[in-house]
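Below is one structure, written out as structure tokens, with a few remarks after it.
Number of protein chains: 2
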Amino acid sequence: MKTMNTRRFFAAAFVGLAVLTSTLARADDPLPSWNDTNTKNVIVTFVEKVTTEGSAQFVPPAERIATFDNDGTLWPSHQMYTQLAFALDRVKALAPQHPEWKTKQPFKAVLDNDLEALGAAGEKGLVELIMASHAGMSTADFEKIVTDWFDKARHPRFKRPYTELAYQPMVELLEFLRADGFKTYIVSGGGVEFMRPMTEKVYGVPPEQVVGSTIKTKYEVRDGKPVLMRLPEVDFIDDKTGKPVGINKFIGKRPIAAFGNSAGDREMLEWTGAGSGARLMMLVFHDDAKREYAYGPANGLPDTKFGTFPESLMKEAKKKGWVVISMKDNWKRIFAFER
Amino acid sequence: MKTMNTRRFFAAAFVGLAVLTSTLARADDPLPSWNDTNTKNVIVTFVEKVTTEGSAQFVPPAERIATFDNDGTLWPSHQMYTQLAFALDRVKALAPQHPEWKTKQPFKAVLDNDLEALGAAGEKGLVELIMASHAGMSTADFEKIVTDWFDKARHPRFKRPYTELAYQPMVELLEFLRADGFKTYIVSGGGVEFMRPMTEKVYGVPPEQVVGSTIKTKYEVRDGKPVLMRLPEVDFIDDKTGKPVGINKFIGKRPIAAFGNSAGDREMLEWTGAGSGARLMMLVFHDDAKREYAYGPANGLPDTKFGTFPESLMKEAKKKGWVVISMKDNWKRIFAFER
Chain A
763 MKTMNTRRFF AAAFVGLAVL TSTLARADDP LPSWNDTNTK NVIVTFVEKV
813 TTEGSAQFVP PAERIATFDN DGTLWPSHQM YTQLAFALDR VKALAPQHPE
863 WKTKQPFKAV LDNDLEALGA AGEKGLVELI MASHAGMSTA DFEKIVTDWF
913 DKARHPRFKR PYTELAYQPM VELLEFLRAD GFKTYIVSGG GVEFMRPMTE
963 KVYGVPPEQV VGSTIKTKYE VRDGKPVLMR LPEVDFIDDK TGKPVGINKF
1013 IGKRPIAAFG NSAGDREMLE WTGAGSGARL MMLVFHDDAK REYAYGPANG
1063 LPDTKFGTFP ESLMKEAKKK GWVVISMKDN WKRIFAFER
Chain B
763 MKTMNTRRFF AAAFVGLAVL TSTLARADDP LPSWNDTNTK NVIVTFVEKV
813 TTEGSAQFVP PAERIATFDN DGTLWPSHQM YTQLAFALDR VKALAPQHPE
863 WKTKQPFKAV LDNDLEALGA AGEKGLVELI MASHAGMSTA DFEKIVTDWF
913 DKARHPRFKR PYTELAYQPM VELLEFLRAD GFKTYIVSGG GVEFMRPMTE
963 KVYGVPPEQV VGSTIKTKYE VRDGKPVLMR LPEVDFIDDK TGKPVGINKF
1013 IGKRPIAAFG NSAGDREMLE WTGAGSGARL MMLVFHDDAK REYAYGPANG
1063 LPDTKFGTFP ESLMKEAKKK GWVVISMKDN WKRIFAFER
């Protein structure tokens, strides 16, 4: 009995110690979903450097601007952009009011689930779909449509609401930066008013820190009440060279850290890197077909229509010291629901 | 002697008490440059109402958005808009590189100081002047040009830098609101990049909280360094119906308080007032020719080209409960330098 008790005692003590150690480790670690690789170390070192008063690379809080692309950087951009899934669902929902869509492209392609015909409609077709599904209502009505859609829509592979698909390591990174006085912005090619209804809840980013593409709106007084009507006209495309333009227009400060995942983020990272002082530029690389997706075409991975990471971007990253995040190697888990 | 001592004692005590009382009053009073009128009371009551937890009209900090017009609301818009004075100075500075301007309107009018010919050039002429003086350089170069101009330029009447002409009561109001958890924005018809170099210093409003008119910019890599070049093309006019559009685009939340002074602010106040819950809409009325300027044409004051306050706006203000601030009656002092 004595031996048993001793063994029990040691076993209990060991379990207790293990729990304690793990709790302490988690408490100390602002990025628990990141593997302990150099990539994680680069982030922590950068933040220490710019937040340590007296350090040569100290950056005052007002200048601690960090910008994040959304699709493919904070949540999946596959099997298609979330906003495109929304547009297709909207076109289907609106189809009864548009009998002409049965025979008119690109709408016919959507109603027939004919992805090949949809692809053939190209960018022009895409803009037509966006305008038909995103314009013609007030901003308040659009917000409700988007919110309702996020409540009901499910990702075809993960069978969960899109709002549960934020990359957990990136959510931790956003929180880590904010805890250190950073102001975190989303700078996305996606529509501002498509993102705003969910960014606070999903990423902790308030509406006024969402930079993105916009369509024109018009102020009108209807039945004595002012409304902003969404017009079927592009106002601004916040992608590629548009990203530095959007950052300058909406924020008016150059970021000291920028995070992207595709050719659409190249100029944002260039613009960020061209400032003086400590900088952090990172690109999420989708190399994890098992847990998420794998595409490039960089590093010999398959090409893609959504969020291309070309070899030229990989080369530029290496040349300029941008850190490429391997989802497979650097992320302990990808989604919060994994455990 | 005894009598003297007693009198001295009382005199000293009285002075001491007076100083103490005045110090206490000032310490308690967040708006010392406002006269103790109902207007001041309306502001203080509104702020108490929306910031008292448990109150029916409590507004959480994230929703405490206050928007301020700039010209005529936070600083003078007479004798002309500050940005127009800048444009005219720039045209004169650039004239040696443009010999053709000597004979070409509206430039000739500027070089001849011919305000009548300038007026005849109308809005089209104005846009030409703005484009010639505000475009063709990088955003960084423009910022330097603006900063240098603010250092050197003096207001023709007050003989001081424009940055010293902020209305002290409005600066106190901005600070009062921020101390109570409000996020204060400028929403001006003026150019964003003309205002940003001075708003933090003058109003405590950081660059990312300046909404205004914009011209297009283009991302380019010059000598290996990325720059944003300012193009001679209007991107967005943040005036009249443009103000709610700009508020929605840049902030994405409806203000609960809005401050203006002219017909250009009407829609911003309508949009703010159309939200539910406690609201505060105010208009600065320039009725103080002695200390600043007096114009309307509302209330029979002279008409003006800069910051018109028409009778119809006065009527709408009365009908909708917008508070009209009389500079003459409501403001103890107008500028910080007054004493």
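For the protein sequence lines, the chains are A and B, in the order given. Using this note's numbering, you'd call the opening residue of the first sequence number 763 and step up by one each time. Using this note's numbering, you'd call the opening residue of the second sequence number 763 and step up by one each time. Positions of the beta carbon are idealized from the N, C-alpha and C atoms, including for glycine. Treat the numbers as computed from the prediction; the structure is a model and nothing was measured.
Sheet register partners of A/I977 (DSSP bridge): A/V996
Proximal residues of chain B, C-beta to C-beta of A/F1012 below 8 Å: E970 and F1012
Cβ neighbours of B/G1128 in the same chain (closer than 6 Å, five flanking residues each side left out): Since the first and last residues shown for chain B are 763 and 1101, residue 1128 of chain B lies out of range.
Rounded C-alpha distance that separates B/L1016 from B/N1010: A quick correction: the sequence has Arg, not Leu, at residue 1016 of chain B. If I take the Cα positions, the gap works out to 7 Å.
Contact with chain B by A/E1032, beta-carbon distance below 8 Å: yes
Pair within 8 Å by beta-carbon distance, A/I999 and A/S1024: no
Beta-carbon gap between A/K1005 and A/M1030 smaller than 8 Å: yes
Whole alpha helix (DSSP H) elements within the stretch 927-962 of chain A, 4-residue minimum: 930-941
B/M899, DSSP secondary structure in three states: coil
Backbone CA spacing between B/D874 and B/F848 [nearest angstrom]: 16 Å
Continuous beta strand (DSSP E) stretch holding B/S1088: start and end: V1085 to S1088
Reduced DSSP category for A/R788 - H, G, I as helix; E, B as strand; rest coil: For A/R788, the pLDDT reaches just 49, beneath the cut-off of 50, and the residue's location in the model is therefore unreliable, although a value from the coordinates is still provided. Helix at A/R788.
Whether B/V821 touches B/I1018 by CB criterion (8 Å): yes
Beta-carbon proximity list for B/T813, same chain, < 6 Å, skipping 5 on both sides: D942
Chain A contact for B/K1082 (CB, 8 Å cutoff): no
Counterpart residues of B/E982 in DSSP-defined beta bridges: B/V989
Rounded distance between the beta-carbons of B/M1076 and B/D1050, thought under 8 Å: Not quite, the Cβ-Cβ distance comes to about 17 Å (not below 8 Å), so this is no contact.
C-alpha distance - A/L880 paired with A/K978, whole-angstrom precision: 25 Å
Coil, strand or helix - A/K1059 by DSSP: It should be pointed out that residue 1059 of chain A corresponds to Pro in this sequence rather than to Lys. In this structure, A/P1059 counts as strand in the three-state DSSP scheme.
Per-residue DSSP class, three states only, for A/L836: coil
Near-chain A residues of the stretch 980-1008 of chain B (beta-carbon distance less than 7 Å), N- to C-terminal order: Y981, K987, P988, L990, T1003, P1006 and V1007
Members of the stretch 1018-1045 of chain A near chain B, C-beta cut-off 8 Å: E1029, E1032, W1033 and A1036
Proximity of B/F956 and B/V908 at Cβ, strictly below 8 Å: yes
Euclidean distance between Cα positions of A/G1083 and B/S839: 49 Å
Residues, ordered as in the chain, of the stretch 791-825 of chain A that lie near chain B by beta-carbon distance below 7 Å: A824
Residues that A/T901 contacts on chain B, provided the C-beta gap is smaller than 8 Å: N1010
Beta-carbon neighbours of B/V1015, restricted to chain A and to distances below 7 Å: It should be pointed out that residue 1015 of chain B corresponds to Lys in this sequence rather than to Val. Chain A residues near B/K1015: P969 and E970.
Proximity below 8 Å, CB of A/E934 to CB of A/F1099: no
A/P959 to B/D791 span [Cα, whole Å]: 39 Å
Rounded distance between the beta-carbons of A/N1092 and A/T799, thought under 8 Å: 5 Å
Which of helix, strand or coil DSSP assigns to B/T783: The pLDDT assigned to B/T783 is 47, lower than 50, so where the model puts this residue is not dependable; a value taken from the coordinates is nonetheless given after this. Three-state result, B/T783: helix.
Range covered by the beta strand (DSSP E) that runs through B/I827: I827 to F830
8 Å Cβ cutoff, B/R958 in contact with chain A: yes
Given A/A719 as reference, the closest of A/K870, A/L846, A/D910 and A/L939 once Cα atoms are compared: No answer is possible for residue 719 of chain A: it lies beyond the span of chain A, which begins at 763 and ends at 1101.
CA nearest to the CA of A/L990, picked from B/E937, B/G986 and B/A1036: B/A1036
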